[in-house]
Amino acid sequence: MSARTLLAILSALGALALWQALFMLNSDSLVIAGPVDVARWLTANAGLVGRAARTTVLAALWGFVWGNLAAILMAAFVVVLPRTERFMSFAALVIFCLPLVATGPILRVLFGAGAGPQITLAALAVYFTTYLTLVVGLRAVPQAWSDLARLYGRGPLTELFVIRARASVPYLLAGLQIAAPAAVLGAMVGEFTGAERGLGVLTLRAMRSLDVVATWGIASVAAAVSMLAYLAIGALSRLRGQGPPVLILSAGTQAARVPVWERAAMAVGVTIALLLVWQIAMDAFALSRFFAKRPGDVWAYLAEPAARRTLLTALWETLIWTVPGYVAGLMLGAGLAAVVTLLPGARALVLPLSVTLRSVPIITTAPLLVLALGRGATGTISIVAVMIFFPAFVACLHGLTQTPGQVRDVFASYGAGRLRLLVSAQIPAMLPAFFASARMAVPAALLAVTTTEWLATGRGIGTLMALTASTSDYNMLWSAVVVVALVAVTAYLLVEAAERWVLSRYAAEQVR
Amino acid sequence: MTSLIPLTRRRLLGVGAATIGLGAVGLRPAVAQNAEVALQLSWLHSVQFAGSYIAQQQGYWENEGLKVSLNTGGPNAPVEPPVVAGTALMGISAADYASAAVAQGAPFRIVAVAMKRNPFAIASLPANPVQRPADLVGKRIGMAVANTPVLRALCALNDVDIAGIEIVPTQYDAAPLVNGQVDCLLCWATDLPVAMAIQGIDSTTMLMADYGYAVHSQAYIVTEDSIANRRAEIVGLLRGEVQGWEDYNADTAAAAALTVAMFPDAGLDLATQEEQARRLRPLMFPYGDETRFGWFTDDSVAANIETLALLDRGANADLWDRSLLEEAYAG
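As you go down the protein sequences, you meet chains V and W in turn.
The numbering used here applies: residue 3 is where the first sequence begins, and numbers increase by one.
The numbering used here applies: residue 39 is where the second sequence begins, and numbers increase by one.
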């Protein structure tokens, strides 16, 4: 224990030293401030920052509660009624894809002044990742247990509460850990829709005032809050103790194939249902057609060849950055998880950095990345990777610990090393979590690319959407939203196909 | 029989409500006089809206029978949707944004103009200055790509070939200029240059309004429907604004101090606010017959229409309606 504590302290000092070194390398550039200046600024402005942090954290907390509650209900629903999964997953995916440019004005008009939009955006930032992680967890049940419940004549509800709920706890905790920094970020970004106070407001102010020390001071507070939440949830999972040993869940079986026509019919049905939800939701709140476009408006707009051409050109520019960014982010997340598993000492160095990158708005970190890596391919892909790797990292980290005890015992009795265990036992055990994170990274990568385009490259669909602010061209905005959603759904389906293929061999309980 | 209990309870509640209602009647007049209206600001609280804060604090709107809430703006808080939706009676937009929104079907009118001279400027460092539009050739300019039409209009007005300028997409931040990623920035003369000055960095500012770029900024927009149905409230709102901004014009330092005092959580710096207030003044109160707050002449409208055409915004004089401001001044 004392050795571990020492290691943690050393790593924390290492992180601080890394920060200081980065600062000294870039001290003239006005994009980074050092830890000493930041600490001094925080002491001098403790009252201001404290009040702002309270506002933001409160909004983040409510968003965290509502978003995760929604995710838990959705996941439970889907596991009890597997036929609803298609609709639920795609609705969740499409709503997660909605960019702030489109949702900001709507939320502000619906909620008026106050914390409503901040809480909603924090909730929206967390529900999708928790939902996906939890569905995997609720399915991570040994076949024999479900069979036993059925033998006793119990229905899916008993199975849910008695068997699945318990099996899902480690996955739920992973989901909550991913959610904590996302909620803080969501609340901060929510303040961009017009808030009186909060960390997001202070960030904007500091950046425009060229006040680098304040910018990094606020970022450190946001990161510290997220880190505390992350660690607290981590402690919760340790409190649970080791729990029952993780078992081999299922022998591989060949998944039943769904006929093509049935899949096609389902796709059409889900699309129509989503369009109806869109139309009805906007009508129900009597949102003005000026900024809340309906499916019909988008259809009519896209009938013009000029509009279609603009949109498709921008889409192409976006996609050529998204794919490498997506792969890089995913590999970075999984790779870091493997490194941390092999070298537990690296955890204290990797973790603060990861949580910081996830909880601080990209407008704070992007200038540093752009300065270091440029606005070309390297810079853009790096920013995207940085924005999306965190969920993959956390999910894989938890997935790696889900290695069945029997398998570990076999490796131990043969005296296999850590690397051998990682490659042959832990990585296969991690696959369900990895694919869940690969699915959640799809919309995240698209959001990351569009943000990067707006901040650094000035191309693609992100720039097209940002133009709305000055042109009020909400037709173009909503058409772009539809196109981005379609791309997300397609990519999601592709990832899912790969997942089915792999998991039918390694984790058949996940494949329905 | 069970129905008796809820019935009694409901009646009791009814009586209670009636009593409270009676009490409220006595209080009513004082409250009812003040119609509640909202003004949608275009950005976070700052001295840029100090005239409104003065009107609030001095009770100028109260005198007009109005209770005004000032709704904050932000980077993802466009002004036009809440005004169209009616959550705000009036919004602070600009002639280019408003004409674009009109083209998209929003029924807006500009009823007053706070910044008669557009605040857009090219900021550069004295060692490599941009003092006139021709200096832009061969330079790297940092700006939001969304503002490309603005640069194009400036070039067209001054016979500069835009192809000779390298546009670098940047965040709205002076850092890229200071650390040499770009040679100049497209920004407001009243924010990033002030930030640099406060940090002790000298900069050169070329105001685009000095080179023919005529676009009314910080313009007050309302819907045609509001003009028809809520005219008195709009006039009252404008009258309070006029009084507040006259006070601002008389003492910008006091306006800055009030701004900082009213919003302790906004992270405002007094020196920055004072300097911004000082630089905003000549844009809002240029000399000549336009010096009355909010006023715009037919000539300036004509000049705006010309510049807007260069921005690919077809606007005509119907976008502007001065009659409400005239009523406000008629008092």
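Cβ atoms here follow ideal geometry from the backbone N, Cα and C, with glycine treated the same way.
{"query": "Taking C-beta pairs closer than 9 Å, name the residues in chain W that residue 194 of chain V reaches, listed in chain order.", "result": "112, 113, 114, 115"}
{"query": "Grab me the residues of residue 214 of chain W's own chain with a C-beta within less than 8 Å of its C-beta, minus the 5 sequence neighbours each way, in chain order.", "result": "180, 206, 208, 220, 223"}
{"query": "Does any CB atom of chain V fall closer than 8 Å to the CB of residue 305 of chain W?", "result": "yes"}
{"query": "Relative to the C-alpha of residue 145 of chain W, which candidate in W:177, W:119, W:152, W:164 has its C-alpha closest?", "result": "W:119"}
{"query": "Using the three-state DSSP reduction, which class does residue 50 of chain W fall into: helix, strand or coil?", "result": "Model confidence at residue 50 of chain W stands at a pLDDT of 40, short of 50, so the residue's coordinates are unreliable; what they give is reported in the following sentence. Of the three classes helix, strand and coil, the one that applies to residue 50 of chain W here is helix, per DSSP."}
{"query": "Would residue 142 of chain W pass as a contact of residue 299 of chain V if the rule is Cβ separation under 8 Å?", "result": "no"}
{"query": "Count the other CB atoms, across all protein chains shown, that sit within 10 Å of the CB of residue 337 of chain W; report buried if there are 16 or more and exposed otherwise.", "result": "exposed"}
{"query": "Which one of V:220, V:386, V:191, V:47 has the shortest CA to CA distance from residue 105 of chain V?", "result": "V:191"}
{"query": "If we call anything under 8 Å between Cβ atoms a contact, is residue 35 of chain W one with residue 271 of chain W?", "result": "Chain W is shown from 39 up to 369; residue 35 of chain W falls before or after that span and cannot be answered."}
{"query": "So, does the CB of residue 458 of chain V fall closer than 8 Å to a CB anywhere in chain W?", "result": "yes"}
{"query": "Under 8 Å, Cβ to Cβ, is there at least one residue of chain A near residue 240 of chain W?", "result": "Looking at the structure shown, chain A is missing, and the protein chains on hand are V and W."}
{"query": "Round the Cβ separation of residue 251 of chain W and residue 189 of chain W to the nearest angstrom and send it over; I've been treating them as touching at under 8 Å.", "result": "At roughly 10 Å, the Cβ-Cβ gap does not stay under 8 Å, so residue 251 of chain W and residue 189 of chain W are not in contact."}
{"query": "Give me the chain V residues within the contact set of residue 251 of chain W, using Cβ-Cβ distance strictly less than 9 Å, ordered along the chain.", "result": "Neighbours of residue 251 of chain W on chain V: none; closest Cβ ~15 Å, over 9 Å."}
{"query": "Give the single residue among V:467, V:75, V:493 whose Cα lies nearest to the Cα of residue 293 of chain V.", "result": "V:467"}
{"query": "What residues from chain W crowd round residue 468 of chain V, counting only those whose CB sits closer than 7 Å?", "result": "184"}
{"query": "How is residue 292 of chain W classed by DSSP in three states: helix, strand or coil?", "result": "helix"}
{"query": "Under a CB-based cut-off of 8 Å, is residue 259 of chain W close to chain V?", "result": "no"}
{"query": "Within the 8 Å Cβ cut-off, does residue 107 of chain V reach chain W?", "result": "yes"}
{"query": "Against chain W, which members of the stretch 463-497 of chain V pass a CB distance test of less than 9 Å?", "result": "465, 468, 469, 470, 471, 472, 473, 474, 475, 476, 477"}
{"query": "In the DSSP assignment, the beta strand (DSSP E) including residue 256 of chain W goes from what residue to what residue?", "result": "255-261"}
{"query": "From the DSSP output, read off the bridge partner residues of residue 307 of chain V.", "result": "Answer by DSSP bridge pairing: none, since residue 307 of chain V is not bridged."}
{"query": "When you compare only the Cα positions, how much space is there between residue 384 of chain V and residue 349 of chain V?", "result": "21 Å"}
{"query": "Taking only the alpha-carbon atoms, compute the straight-line gap between residue 453 of chain W and residue 89 of chain W and give it to the nearest angstrom.", "result": "Absent from the model: residue 453 of chain W. The displayed extent of chain W is 39 to 369, so no value can be given."}
{"query": "Who are the Cβ neighbours of residue 100 of chain V in its own chain at under 7 Å, not counting the five residues just before and after it?", "result": "483"}
{"query": "Does the stretch 441-455 of chain V come into contact with the stretch 323-342 of chain V, if we say contact requires no fewer than three beta-carbon pairs (one atom in each stretch) closer than 8 Å?", "result": "yes"}
{"query": "Can you check whether the CB of residue 282 of chain W is closer than 8 Å to the CB of residue 151 of chain W?", "result": "no"}
{"query": "Using a Cβ-Cβ cut-off of 8 Å (strictly less than) and excluding sequence neighbours within five positions of residue 167 of chain W, which residues of its own chain qualify?", "result": "173, 242"}
{"query": "Could you check whether the Cβ of residue 102 of chain V sits closer than 8 Å to any Cβ belonging to chain W?", "result": "yes"}
{"query": "Please classify residue 361 of chain V as buried or exposed, where buried requires at least 16 other C-beta atoms within 10 Å of its C-beta.", "result": "buried"}
{"query": "Using three-state DSSP, classify residue 100 of chain V as helix, strand or coil.", "result": "coil"}
{"query": "Could you pull out every unbroken beta strand (DSSP E) segment of at least 3 residues lying fully inside the stretch 192-216 of chain W, listed in chain order?", "result": "204-207"}
{"query": "From this set, W:115, W:135, W:102, W:121, which residue's C-alpha is nearest residue 342 of chain W's C-alpha?", "result": "W:135"}
{"query": "What are the residues in the stretch 24-40 of chain V lying within 7 Å of chain W by C-beta distance?", "result": "30, 31, 32, 33"}
{"query": "Quick check: the stretch 118-134 of chain V against the stretch 154-161 of chain V, are at least 3 beta-carbon pairs closer than 8 Å?", "result": "no"}
{"query": "From this set, W:345, W:362, W:232, which residue's C-alpha is nearest residue 354 of chain W's C-alpha?", "result": "W:345"}
{"query": "Out of V:125, V:223, V:173, which has the shortest C-alpha to C-alpha gap to residue 140 of chain V?", "result": "V:173"}
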